[in-house]
Each structure stands twice: as structure tokens, then as C-alpha cells.
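Protein chains: 2
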Amino acid sequence: MTSPLQEFLKQRHAAFKTDDSGAVADYIPELTKANPAHFGASLATMDGHVYEIGDSAVPFTIQSISKAFVFALALERLGQERVEKAIGVEPSGEAFNSIRLTTDNRPFNPMVNAGAIACSGLIHHAEGNGAFELIHETLSRFAGRKLDIDDDVYLSERATGDRNRAIAWLLHNYDVLKCDVDGVLDVYFRQCAVLVTARDLAVMAATLANGGRNPVTGEQIISPYVVSRTLSVMTSSGMYDYAGEWIYRVGIPAKSGVGGGIIASLPAQLGLGTFSPKLDDHGNSVRGLKMCEALSSHYGLHVLSRADDIRTCIIADYNATGLSSRRNRMPSELKLLEERSGEIRIVELVGALSFATMDFVSRRLAEGDRASFILIDLRRTPSVSDAAALLADKVIEGLTQRGAMLVFSGFDKSSPLWPSMAAWMERSPNVRHFGLLEDAIEWAEDQVIFRYGGFEYHESTSHLNEQSLLSGLSEDELEEIADLCHARDYKTGERIIHAGDSAASLFFLQRGVVSIKLQSGARLASLLPGMVFGEMALIDDKRTADVWADTPVQCLELSVDAYRRYRSTHPHCAERMMANLAKLLAGRLVLANTKVELLSAY
Amino acid sequence: MTSPLQEFLKQRHAAFKTDDSGAVADYIPELTKANPAHFGASLATMDGHVYEIGDSAVPFTIQSISKAFVFALALERLGQERVEKAIGVEPSGEAFNSIRLTTDNRPFNPMVNAGAIACSGLIHHAEGNGAFELIHETLSRFAGRKLDIDDDVYLSERATGDRNRAIAWLLHNYDVLKCDVDGVLDVYFRQCAVLVTARDLAVMAATLANGGRNPVTGEQIISPYVVSRTLSVMTSSGMYDYAGEWIYRVGIPAKSGVGGGIIASLPAQLGLGTFSPKLDDHGNSVRGLKMCEALSSHYGLHVLSRADDIRTCIIADYNATGLSSRRNRMPSELKLLEERSGEIRIVELVGALSFATMDFVSRRLAEGDRASFILIDLRRTPSVSDAAALLADKVIEGLTQRGAMLVFSGFDKSSPLWPSMAAWMERSPNVRHFGLLEDAIEWAEDQVIFRYGGFEYHESTSHLNEQSLLSGLSEDELEEIADLCHARDYKTGERIIHAGDSAASLFFLQRGVVSIKLQSGARLASLLPGMVFGEMALIDDKRTADVWADTPVQCLELSVDAYRRYRSTHPHCAERMMANLAKLLAGRLVLANTKVELLSAY
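Here the protein sequences come in this chain order: A and B. For the first sequence, position 97 matches number 97 in the UniProt record's numbering, and the numbering has no gaps at all. For the second sequence, position 467 matches number 467 in the UniProt record's numbering, and the numbering has no gaps at all.
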């Protein structure tokens with residue numbers, strides 16, 4: 001199956017290729033050498049997939065498109081105060097190479113030449129001779145590969161760029177440029193001569209669309225604040241004197257360059273890069289513009305068109321009833337947990353957490369505000385906005401103040417929630433974190449059992465009357481079973497059962513703790529004295545999971561052969577054991593079905 | 001627990017209330033009567049929750065804020081071509097009451113008085129005397145309640161609005177207004193005098209943020225296209241000569257009115273309404289602006305700041321292995337389904353489907369491109385963008401072309417996907433829809449069994465050797481069991497087992513089909529001849545689900561009492577039956593655990 005988007009790009013590429021209007025830029029002699037037939041486009045997605053069509057691998061100079069990224073770099077390195085003091089953010093209403101400044105003698109915005117030169121000047125001022133190297137390296141990180149430079153174009157621009165030279169000296173006159181004017185111009189001319197392809201531009205645009213993280217390399221290059229401000233100036237001033245029309249008709253922040261490139265960046269959706277050297281009267285690539293417009297109009301894409309349903313962010317919201325933990329509980333503990341099921345509330349979230357979704361979550365949490373333990377699982381929430389983190393902080397404050405224990409699971413230290421969470425854990429015993437939800441549930445259940453006095457931790461039980469598999473057997477019958485068993489001892493860390501082995505026995509645990517684990521190491525359950533493991537040997541001839549000794553372990557092993565001999569002489573007892581096994585399985589089935597229902601209900 | 005957002009509004013309200021700067025509007029005599037101390041704010045969420053603080057219930061006139069909604073109404077009713085021909089979308093660079101027009105003699109945009117009067121004119125032209133009534137009704141639907149009108153303000157505006165009168169005549173001169181000028185002005189003056197509260201404005205703004213659907217009433221008022229274009233003109237021209245700064249610093253489309261109101265609308269996140277009569281030099285409410293700025297800066301909210309992870313849209317992607325259906329299968333059918341498990345692929349989606357998520361889904365579907373049956377479950381995808389619907393259409397085309405069967409489940413006819421889906425179902429036998437995923441799986445499994453010749457539909461089986469519960473018993477033993485049973489007949493639609501009854505027997509199905517159902521009517525399983533139901537009576541004394549005859553049914557009923565008598569004389573057979581029951585349950589447990597894992601893995 002061909003991808004629908006690849007097909008779309010192919011069709012539009014073929015259609016727009018026939019448009020021969022416009023003219024190759026000629027204000028720099030070197031640019032006139034471009035091949036007017038070239039036409040390439042590329043679309044990069046938020047998971048790093050890159051679609052390409054036509055001449056998407058042909059290099060050309062980035063020119064004015066560099067302005068957006070150098071502005072971003074300046075904001076990121078020098079901070080908003082310094083940059084915003086030097087350069088405005090209002091559309092100028094004039095051509096990109098206008099020498100006019102605002103009434104307080106600043107460049108109107110960073111997308112006109114004056115503002116871009118001021119930006120390069122700020123970086124030159126801070127970095128000195130390393131300024132261009134930093135810019136070059138940053139552009140390369142946006143593209144995800146080391147970009148080359150077209151020295152001929154650079155020298156051509158330097159030789160003929162007198163208008164920019166005039167702008168630079170005017171900025172120097174008003175103290176906007178505080179340093180060596182020729183040095184700044186050299187940086188500016190060289191940054192415009194960096195070579196990119198349509199594919200590079202797509203990845204660069206996608207990095208802006210992806211909150212500043214390059215979706216191909218995974219590298220975070222600039223902060224979300226800088227992204228939103230860079231896209232803001234692209235929106236208000238990126239497409240020359242066409243801002244109102246552009247946002248109205250296309251609605252995707254964009255920037256073009258006289259080299260024939262255009263980037264368009266739709267937050268959380270896509271990055272588009274196009275290349276075709278023939279420009280319209282405004283200096284925008286004719287075919288590139290058409291591609292932007294077609295993408296927007298065909299798919300109804302627009303930065304102000306967005307519809308989510310915030311309610312899908314909660315995928316499950318339920319009380320633990322003593323059935324959710326992987327630790328097998330004693331019957332009395334299970335009874336207590338069932339009686340106290342309202343004490344533990346589990347909320348599983350899914351998707352990006354934004355202002356709106358976290359507000360929704362905060363209200364849902366406040367609604368059923370009675371549980372003592374509130375477990376919030378975040379393993380399906382890969383991104384958390386600053387707003388969501390701030391709201392979460394207040395939710396923690398509110399819930400801990402009323403004495404609730406808040407237990408988070410399923411996120412790591414790279415999460416934006418981590419710093420605030422770590423601070424909470426340091427100052428409040430009421431906030432905890434577990435890697436796995438199952439561990440969090442187990443811990444919370446232990447706390448409930450401990451709190452309400454139901455803990456029956458049998459350090460050791462040698463008597464088989466605790467075994468639910470043997471429930472209903474008489475003392476004599478239990479003794480006969482015990483006689484058939486062999487006592488076994490295992491050291492901490494020893495594997496008692498190997499998955500894949502043939503299943504020839506079952507074990508009654510008398511002392512210590514064992515864990516049932518998958519071969520991946522994931523724990524399915526942990527068992528305490530009085531419980532049975534390996535019991536599926538009675539109906540299945542193969543082991544399906546490992547069992548490990550977590551502590552020194554004592555148990556009684558009953559071989560299937562011995563059971564079979566016993567069965568022939570004690571058929572009633574055997575029938576009873578099988579009925580007990582069926583009951584054990586029926587209980588686990590109820591548990592599993594409950595979980596399926598919980599996860600499917602939302 | 002106090003909600004974090006309520007707390008935020010309270011704190012900021014208290015802080016900004018002390019700001020006494022600005023002046024009440026005085027260009028209309030009636031407006032000077034406003035109480036300068038008033039200050040209210042309200043925030044409405046996408047699920048229809050409304051936060052309020054201060055004087056949020058005090059009515060005031062909507063004034064220029066009406067421009068955004070009347071523009072939306074014009075676009076919605078008259079179509080983009082007619083409206084966009086009459087009115088531009090570029091910022092004017094002049095005051096809101098400027099009489100200057102564009103070079104082709106159109107108003108610059110719908111947010112200045114000239115553009116707004118032109119809008120009212122378009123509606124007046126189309127609706128005649130019903131124009132104001134339509135506007136009034138539309139504003140009321142945005143607010144979710146019938147709004148009043150301040151006749152004194154209306155009469156005051158009409159008596160003093162000579163500048164607007166001049167603008168209207170100029171528009172008439174250039175044929176932008178084609179009808180009765182006084183009639184249009186009357187509509188315009190009355191629309192400005194509609195009374196709203198900060199709460200009303202919040203809901204109106206939230207309706208724009210929510211893709212045109214009022215989140216409180218649930219009513220769809222305008223289309224997503226109209227929403228995005230309305231927010232576009234608010235962004236480029238909504239806050240007077242401050243567009244670049246506003247999008248850069250606040251980044252939330254907004255519109256203010258001289259009555260002291262402001263709306264701010266952040267797509268998919270929130271709607272804010274504020275009211276405080278004192279205005280700054282630009283004519284914007286001082287405290288209202290502060291509230292907008294505080295909300296944006298504190299929470300880092302900005303329309304161009306957005307980060308989702310598109311990969312969370314697929315919550316499960318797996319092959320059916322014959323274990324997923326609720327129909328109990330014959331062993332030979334199960335074997336066949338297991339062998340052919342690659343034939344059925346199930347993809348469960350979650351969250352809003354956008355351009356980016358549907359593209360991701362399309363690539364995921366193309367990756368494992370071998371299944372004959374592709375089941376796509378959409379019950380957790382409450383919204384689908386136009387782009388997603390377009391891409392989905394291409395995906396269907398591609399998959400059906402290669403011969404795959406596409407089966408959708410979990411959405412209804414109100415979904416934006418429905419029209420295209422219905423068209424597909426009409427022209428292709430390869431596209432189907434089921435309400436429930438479980439029904440889709442069952443149908444697909446039936447198809448696989450049918451296709452590969454494994455269908456063993458026993459219309460009737462009177463012999464018990466097919467029964468897995470009795471597996472391993474000799475012919476004589478089976479005959480003895482049969483002798484203990486009573487033959488039963490049930491009519492279509494008859495209830496055989498009642499949930500809650502005591503469980504005193506089990507049934508061997510010989511002819512017909514029965515369904516196991518919850519009391520809600522949800523079907524858990526359907527059974528065919530050769531299968532057992534009510535078998536949990538062997539270990540549980542209560543019925544947990546209903547069993548209904550879907551067709552005329554014949555079965556053998558074995559009472560638990562009879563089983564118990566039989567057990568005492570045939571303990572080996574009883575032990576065998578219990579072991580078979582344990583195996584049945586173990587199989588179901590594997591199924592349930594597999595499903596839990598699938599739903600937890602993403």
C-alpha cells in the first residue's frame with residue numbers, strides 16, 4: 001500500500017511542476033546560476049518519518065530561512081530580555097530589505113534583514129569569532145546532519161551586499177550593533193550561504209513543530225518557549241507583506257528564502273520543506289507556495305483549527321479491591337482489602353498532558369475525593385506541557401494537604417514532571433514514585449493492610465491446612481499428602497522453576513518469598529508461606545514461567561507422579577483438589593476480566 | 001481540594017483588582033454609567049466546566065466582541081466566497097473606527113468598524129428584517145442562553161454614531177453595502193448593545209476553542225473552517241495595532257470591546273471571558289488584558305506551543321489468535337484460528353485523530369501489510385479532523401485494492417468518518433462496520449474459519465463425546481452421565497439461566513445457539529452445540545450471568561445433586577471432569593491475560 005501522503009506529494013508535485021512562472025533571484029550574481037527546473041519537496045512527521053518527492057536531495061543556499069533559526073538561537077542562548085530589547089516583533093509593512101527602523105530605532109522584527117543582522121550581531125557580540133561556527137553547528141543540529149557552505153554564494157553576497165552593509169552601519173549608529181560591523185556582516189553573509197536540501201528544511205521545520213526536539217535525531221535543540229516565539233514572528237512577519245492573508249488562507253507558520261526554499265511548520269503535526277528557484281514578485285518560491293497552500297487547503301490544516309477530546313486522557317479510574325496486585329494475598333487480607341476498596345484509587349492517564357487535560361484530571365481527582373491512596377500512572381503520557389506540570393504541582397499540594405498519599409508510576413527522570421515530583425518527595429512523606437504501577441498497587445495494598453491491622457505475615461507455616469489447593473481435606477488426608485512430599489530448600493536468588501521445562505511437580509511454600517517471573521524478568525506475582533506454586537502441573541505438562549527464591553525458601557515438593565498414584569487410591573481427595581484448582585483459576589479469571597473491562601471502558 | 005485553576009483566578013483577581021488605571025469609555029454617553037470597580041473573569045473548559053471569579057455575573061454590552069461572532073455567522077451562512085470578496089483580512093495599521101478602506105475600496109478586515117458594518121450588511125442583505133433576530137439568536141447560542149439587549153445603550157449609540165454612519169455611507173458608495181444603510185446601521189447598533197456577562201464570554205470563547213461546538217450545551221454552532229478563519233482575523237487584527245506583540249507575548253486569539261469585555265480563545269484548551277470597564281489608550285480593558293497575559297505567561301500557554309506524542313494514538317495492535325472472540329469455538333476451529341492468526345489484525349485507536357496521528361496509523365498499517373482482515377476500532381476516538389478523514393479514505397482505498405477486508409467498529413453515524421465509510425460500504429463489499437469490536441472479531445474469525453474450510457458447524461450433536469468438560473471419559477461413562485441428565489427444550493428468546501439464582505445444574509448444548517449475557521444486555525459469549533454452559537455450578541453456588549436461547553435450543557441438563565451422587569460412585573470420572581473444568585478456566589485465563597497485556601503494553 002502506498003502511503004496516502006506520499007501519493008499526495010507525488011500528485012501535487014506533478015501538477016505544480018508544469019507551472020513555469022516566476023524568475024530566479026538575480027540580486028546576487030551567483031544565485032542566477034540556479035536550475036529553474038528544480039522542484040523538490042519533503043514532509044517530516046513528529047515521529048521522524050520523512051516523505052520526499054522530486055529534487056528533495058538537491059542542495060541550495062538557505063538564505064532568509066536562516067533568520068528564523070538564528071533568532072531562535074539568539075533567544076535560547078542570550079535570553080528573551082536581551083533579544084527582545086534589541087529587536088521588535090511587529091510586521092514592518094515594508095519590503096524585507098527596508099532600511100527603515102521603528103520610532104525607537106530598532107529593527108521591526110527578526111524576519112527583515114535589519115532584524116536578522118541585529119540577531120547575528122547579538123550572537124557575534126556574545127561569541128566573538130566563534131559566532132558563525134555556533135550558527136553553523138546549530139543549523140546542522142536542526143537538520144540532523146552536518147551542513148555544507150556554498151563559498152561562491154558567500155563571496156558573491158559579500159561582494160555585492162552593500163544594502164545590508166548600509167543597514168548594519170545604521171544599526172551601529174543606533175547602538176543596536178555594538179561590535180565590529182564587518183565581522184557581523186561576515187557572519188550574516190555566511191549564514192545565508194549554508195547549503196540545505198528540501199529534506200533538510202523539512203526536518204528543521206519539523207523540529208520547530210515538535211517543540212524544539214529534532215524528531216529524527218531525538219535531540220532537544222531549543223526550548224518550547226523559544227519555539228513558540230520563533231513561530232510567532234514567522235506567523236506575523238515570515239511571509240513578507242502578506243501576514244493577514246497567510247494566516248487566514250494557509251494558517252501554517254512559514255519562512256521563505258530567495259534561494260528558492262520555504263519551510264512551513266505546523267505545531268505537533270508536520271514540518272514541510274520545499275525547493276524551487278523561481279520566485280514570485282514577493283520573493284517567494286512559486287511552486288513552494290503552491291505546495292504549502294495545497295497541503296493546507298486539501299487537508300484543512302490550520303494552526304487555529306484544533307479539536308481534541310480531553311476526556312480521553314483518563315483511560316481508567318478505579319478502586320483497587322485487593323485483586324489488582326500481583327502479590328497473592330491471604331484470604332483474610334483479601335477480605336480486608338475488599339472491605340477497604342475505597343481506600344485505594346488508581347487513575348491511568350494516556351496521551352500528551354496539556355493545560356486542558358491536566359485541568360480535567362484535577363477536577364476528576366477532586367470529585368471522588370475520599371481515597372487515602374491515590375495512584376496516578378503516567379506510563380502512557382510521553383509529553384507533559386509546562387502548564388500541566390504547574391497544575392499537577394497544585395494538585396499534589398491540595399491532595400497531600402488533606403492527608404492523601406500520592407503515588408506516581410510509569411515515568412522517568414527525563415519527564416518534565418520529575419523536578420517538581422522530586423522536590424515533593426524530598427519535603428513530603430506523602431508523595432512517592434514507583435517505576436511500575438503494579439509495584440505501586442502492591443505497596444498501597446500493603447499499607448492498607450498494615451493500617452487496618454490485618455497483616456498476617458506468616459514468616460513460616462509448615463502445616464498444609466493453610467493451602468487453598470488442599471482446602472476441605474481432613475487432617476489425616478493432609479498428613480498423607482505431606483508424606484508424599486519432599487522438603488526442599490532454596491537460597492536467595494535461586495531459580496526454583498524454569499520456564500519451558502516439563503512440569504513434573506508442584507510446591508507448597510512454607511517459609512520465605514518466591515516470585516513468578518516472565519523470562520523478560522517482569523514479575524507476575526510474589527507468593528508468601530501458605531501458598532502454592534507450580535500447581536498448573538496438575539493440568540499442564542509444561543512450565544510457562546520462572547519461579548525465583550527472593551529470600552531463603554523452604555517448601556514441600558509434590559511430584560505429579562506421586563499425585564497420580566495418590567489419585568488412584570484417594571479419588572475423592574483428588575477430585576477435591578481439582579475443584580480447588582478450578583476455584584483458584586476462576587478467581588484469577590475474575591481479576592483478569594475486571595482489568596480488561598476497566599481498560600476497555602474508557 | 002480547591003481546583004488549581006480556581007485558585008489561580010482568585011489570586012490574580014485579587015492582585016489586579018487594585019489596578020485602578022484606565023478610564024471608562026465615554027464616546028457613547030450611556031457607557032459612562034458603568035461601575036468602574038466591576039471586575040469579573042470566567043474560564044470555560046472543553047468539557048463544559050466553567051470557573052468564575054468576581055463580578056462574572058454582571059451584564060454589560062458586548063460591543064466590538066460581537067464582530068468576531070457576526071463575522072463567523074456571515075461565513076457560516078453566506079459562504080467564504082461572498083464574505084471574503086466583500087471584506088479583507090489584513091491588519092489596517094489604523095484605529096478601529098478608521099474610515100480608510102483598502103486600495104480596492106474594501107474594509108481592511110472584519111474587526112474594524114468598517115468591516116463589521118459590512119458583515120452586518122451582508123447578513124441584512126440575505127435575511128432582510130430578520131437579520132438582527134438571526135444575529136441575536138446566534139450570539140445566544142454561542143453563550144448557551146437567551147441574551148438580553150440594553151435598549152438605552154442601543155438608542156444612545158444610534159443617537160451618536162455619526163462616524164459609523166459615515167463609514168456605512170462610504171461602503172454604500174463603493175457598493176460594499178448593497179442595501180438600506182439605516183437598516184444595516186440599526187442591526188449593527190443593536191448587535192453592539194447585546195448584554196453579556198464574563199461567564200457568557202467564556203462560554204462563547206470556549207465554543208470557538210472547541211471547534212465551534214458549545215461545550216456546555218453540546219450544540220455545534222459553526223464549522224471548524226469558520227472557527228479557524230474567525231480566530232485568524234482575531235489573531236491578526238483582534239487587539240487593535242498590537243497584533244505582532246499580542247501573538248508574540250500572549251499568543252491567544254482575542255477580541256476586546258469598549259464595554260469592558262475581552263474574550264480569549266485557545267483552541268482545544270480554553271475560553272476566557274473578562275469584564276472590567278476601565279480601558280487603556282488602545283481601548284482594551286486594563287484588568288482584562290492583565291488576566292489574559294497572566295494566564296498565558298503563568299501556564300506558558302501559546303497557540304504555537306503544542307507538543308503531543310502521536311504514537312500514543314495506537315493503544316493496541318495485535319493479531320487475533322482465536323482467543324479474542326466471545327464465541328466459544330470447537331477445538332478444531334481454535335486450532336485453525338491459531339494457525340491462521342496472522343489473517344486477522346486488530347488495531348485499537350485512542351484520542352483525537354488528526355492529520356499527524358492518522359498519517360502515523362497509515363504507516364503502521366502499511367508496515368504489517370499481510371493480514372486479510374484488518375479491524376480498526378474507534379470507540380476511544382471521539383473526534384476526527386477533516387485531514388484524518390481524508391487520509392483514512394486513502395488508507396481504505398489502498399487496503400481494499402490489495403484485497404484486504406476492512407472492518408471498523410466503535411463509532412456512530414455522527415462521526416466525521418461516517419459519510420466516507422458509508423460510501424465505501426455501498427461500493428465495496430470489502431468494507432464493513434460493526435458497533436462493537438467483539439462482534440467484528442467474531443465475524444472475522446467466522447470468515448477465516450469459513451475461508452479455510454474448517455467450519456464445523458454442528459447443527460446438532462446429541463453425543464456427549466464432543467464435550468470438552470467430559471473429555472477422557474469412556475463411552476460407558478458418557479452414557480452413564482447422559483442417563484443422569486434431563487432433556488430440555490427452549491424457545492427462541494427464552495431465558496435459560498437467571499443471574500443471581502442459585503446454581504443447581506449445568507447444561508450440555510445439543511442443538512441451537514445460546515448467548516451468555518450480562519444483565520445490562522452485553523453479550524459475553526455465544527455457544528454452539530457441543531459446548532457446555534452453567535458449568536461453574538460445579539464450584540460456585542450462584543449464577544453470575546444470564547443465558548438466553550438465541551434459536552430453538554435442545555440441551556441436556558445435569559443437576560449438581562445428580563453430579564454429587566455420581567461423584568461418590570465414580571470419583572475418578574469426577575476428578576477428570578474437575579481437571580477438564582480447570583483446563584477450560586486456564587484457557588480463558590490465558591485469553592484474558594493476553595488482552596490485559598495488549599491493552600497495557602502501549
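C-beta atoms are modelled at their ideal positions from N, C-alpha and C, and glycine is treated no differently. Remember, predicted model here, so these are calculated numbers, not experimental data.
Query                                                                                                                        : Result
Contacts of K394/B in chain A (Cβ-Cβ under 7 Å)                                                                              : P4, E7
Assigned exposure category for W548/A - 16 Cβ within 10 Å defines buried                                                     : buried
Backbone secondary structure at L301/B - three-state DSSP                                                                    : coil
Test: L334/A CB closer than 8 Å to a CB of chain C                                                                           : No chain C is present in this structure, whose protein chains are A and B.
Close-in-space but distant-in-sequence residues of the same chain around W246/B (CB under 6 Å, 5 per side omitted)           : M239
Under 8 Å between C-beta atoms of L289/B and I252/B                                                                          : no
Min CB distance A268/A to chain B below 8 Å                                                                                  : yes
As assigned by DSSP and simplified to three states, the class of R543/A                                                      : coil
Nonlocal neighbours in the same chain, by C-beta distance under 6 Å from D200/B, ignoring five residues either side          : A143
Interface positions of the stretch 242–261 of chain A facing chain B (Cβ-Cβ less than 7 Å), listed along the chain           : A243, G244, E245, I247, Y248, G251, P253
The stretch 220–240 of chain B / the stretch 196–210 of chain A touching (three or more Cβ pairs under 8 Å)                  : no
C-alpha distance - S526/B paired with L334/B, whole-angstrom precision                                                       : 15 Å
Simplified DSSP state of S265/B, which is helix, strand or coil                                                              : strand
Collapsed DSSP secondary structure at G273/A in the structure displayed                                                      : strand
Contact set between the stretch 78–105 of chain B and chain A, restricted to residues whose Cβ is under 9 Å from the partner : E84, G88, V89, E90, P91, G93
Option in I374/B, V50/B, F360/B, L266/B with minimal Cα separation from A444/B                                               : I374/B
Extent of the continuous beta strand (DSSP E) to which K10/B belongs                                                         : Element bounds for K10/B: not the beta strand (DSSP E) but the alpha helix (DSSP H), 4–17.
C-beta neighbour in chain B for G300/A, strict 8 Å                                                                           : yes
Within-8 Å CB hit, N113/A to chain B                                                                                         : no
Given 8 Å, three or more beta-carbon pairs between the stretch 110–121 of chain A and the stretch 167–182 of chain A         : yes
According to DSSP, residues forming a beta bridge with F132/A                                                                : BP columns for F132/A are empty, so no partner.
Beta carbon proximity, M578/A to chain B, threshold 8 Å                                                                      : yes
Beta-bridge pairing of N319/A - partner residues as DSSP gives them                                                          : R345/A
Same chain only: Cβ atoms within 8 Å of K542/A, ignoring 5 sequence neighbours per side                                      : G500, D501, S502, A503
Same chain, Cβ closer than 7 Å to T102/B, neighbours up to 5 away in sequence not counted                                    : G88, F108
Opposing strand residues paired with I53/A [DSSP bridges]                                                                    : A41/A
Helix, strand or coil at F96/A [DSSP, three-state]                                                                           : coil
Close beta carbons around V153/B, own chain, < 6 Å, minus the five adjacent residues each side                               : E30, T61, A193
Residue-chain proximity (V547/B, chain A), Cβ-Cβ < 8 Å                                                                       : no
Any chain A beta carbon closer than 8 Å to G218/B                                                                            : no
Same chain, Cβ closer than 6 Å to R588/B, neighbours up to 5 away in sequence not counted                                    : none
Every unbroken beta strand (DSSP E) within the stretch 425–487 of chain A, with a cutoff of 3 residues, ordered by chain     : 431–434
Chain B contacts made by the stretch 269–297 of chain A, where a contact means CB separation under 7 Å                       : Q269, L270
Cβ-heavy atom distance, P267/A to the ligand COA, below 7 Å                                                                  : The model on display carries no ligand, and the ligand COA is accordingly not part of it.
Assigned secondary structure, I65/A (DSSP; H/G/I helix, E/B strand, else coil)                                               : helix
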